[in-house]
Amino acid sequence: MAYDWVELSKIGRDGDTYLFLPARQHLQAAPPASPRASLIQSKPANLTVQDIYFIGACYTLGICGKPIDVVRAMDYFKEAGDRGMVGGQYMFAHLHLDEKNPFTDHETGLRYMEMAAMNGDYRAQSYCAQHYQHLKNYDKAFIYYKKCADHNNPVAQFKVGHCYAIGQGTDLDLEQSFLYIQKSANQGYLNAVNRLGLCYLMVTEHPRILIKQ
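Okay, so the sequence shown: first residue is 59 according to the numbering used here, each after it adds one.
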């Protein structure tokens with residue numbers, strides 16, 4: 059079962075979500091034999107970027123006969139990222155920004171997280187948006203929230219709607235605010251549903267009730 063989740067992770071989309079959530083729950087079962095397992099024993103020059111990412115995942119989880127080794131995992135993820143795999147960029151950044159990792163480097167982690175965000179990884183976009191919001195750099199926060207919202211993320215859509223409602227990091231635009239809050243509410247995000255409900259309850263021409271969180 060653990061092997062199945064790691065196989066999903068090499069896709070480079072939602073794979074790392076599977077990598078860190080369910081996989082650890084199933085490590086008791088031995089993974090089935092795989093042609094890729096032999097790649098862990100050496101590092102041939104002709105490895106594909108997917109193979110490199112896979113080996114990084116094995117070192118991260120301690121499977122395929124390998125112990126958990128964060129340093130080696132980061133090395134493989136970095137190589138995958140430098141060869142253009144967005145999932146590798148995100149994972150290299152994620153490990154560098156993990157406070158439990160004794161080898162963290164926040165400057166390097168943030169640089170690769172932004173790289174992954176600009177290359178379309180919605181998890182990286184969400185991280186960067188929250189990071190810059192915390193720093194009160196609202197212009198950059200809005201850019202990343204907007205990118206994440208364009209991936210149909212309901213939390214990001216709600217945040218973008220709020221930014222438009224108060225002109226934070228962007229121009230004040232109540233019509234766009236309503237549009238993004240509605241998109242979020244249509245996906246069932248509770249904060250957006252409540253905000254939209256209050257708007258209709260007040261029977262306002264414009265959703266000014268959206269202004270306050």
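Backbone N, C-alpha and C define an ideal beta-carbon position, used for all residues, glycine too.
Coarse secondary structure for residue i, derived from DSSP in three states
{"i": "A95", "result": "Unreliable positioning characterises A95 in this predicted model, as indicated by a pLDDT of 47, which lies under 50. A coordinate reading is not provided."}
{"i": "F39", "result": "The structure shown has nothing for residue 39, since the chain only spans 59 to 271."}
{"i": "I126", "result": "coil"}
{"i": "Q86", "result": "Here the model assigns Q86 a pLDDT of 33, short of 50, so the residue's position is not dependable and the matter cannot be decided."}
{"i": "Y247", "result": "coil"}
{"i": "I121", "result": "coil"}
{"i": "D140", "result": "helix"}
{"i": "D133", "result": "helix"}
{"i": "T228", "result": "coil"}
{"i": "N252", "result": "helix"}
7 Å CB neighbourhood of residue i in its chain, flanking five on each side removed
{"i": "F150", "result": "M132, F135, K136, G139, Y170"}
{"i": "Q240", "result": "L254"}
{"i": "G167", "result": "A151, H154, L155"}
Range covered by the alpha helix (DSSP H) that runs through residue i
{"i": "Q188", "result": "180-192"}
{"i": "D197", "result": "196-207"}
{"i": "I239", "result": "232-244"}
{"i": "T106", "result": "Per DSSP, T106 belongs to no alpha helix (DSSP H) and is neither H nor E."}
{"i": "M149", "result": "144-155"}
{"i": "G219", "result": "212-224"}
Separation of residue j from residue i, as counted between CA atoms
{"i": "H164", "j": "L259", "result": "46 Å"}
{"i": "D231", "j": "Q245", "result": "22 Å"}
{"i": "N211", "j": "F236", "result": "16 Å"}
{"i": "H209", "j": "E233", "result": "20 Å"}
{"i": "N252", "j": "V129", "result": "45 Å"}
{"i": "Y247", "j": "D127", "result": "38 Å"}
{"i": "I113", "j": "L256", "result": "50 Å"}
{"i": "E65", "j": "Y148", "result": "Low local confidence applies: a pLDDT of 39 at E65 is under 50, so the model's placement there is unreliable, with the coordinate-based value given in what follows. Between E65 and Y148, the C-alpha separation is close to 17 Å."}
{"i": "A250", "j": "Y185", "result": "20 Å"}
Residues near residue i by beta carbon distance below 8 Å, same chain, minus five either side
{"i": "L85", "result": "Confidence is the limiting factor: at L85 the pLDDT is only 33, short of 50, which leaves the residue's position unreliable, though a coordinate-based value still follows. Once the five neighbours on either side are set aside, the close Cβ partners of L85 are A60, L119, G120, I121."}
Buried or exposed (CB count within 10 angstroms, at least 16 for buried), residue i
{"i": "H192", "result": "exposed"}
{"i": "E157", "result": "exposed"}
{"i": "G178", "result": "exposed"}
{"i": "G142", "result": "exposed"}
{"i": "K194", "result": "exposed"}
{"i": "F216", "result": "buried"}
Contact set for residue i: own chain, Cβ-Cβ below 6 Å, skip 5 residues either direction
{"i": "K205", "result": "Q183"}
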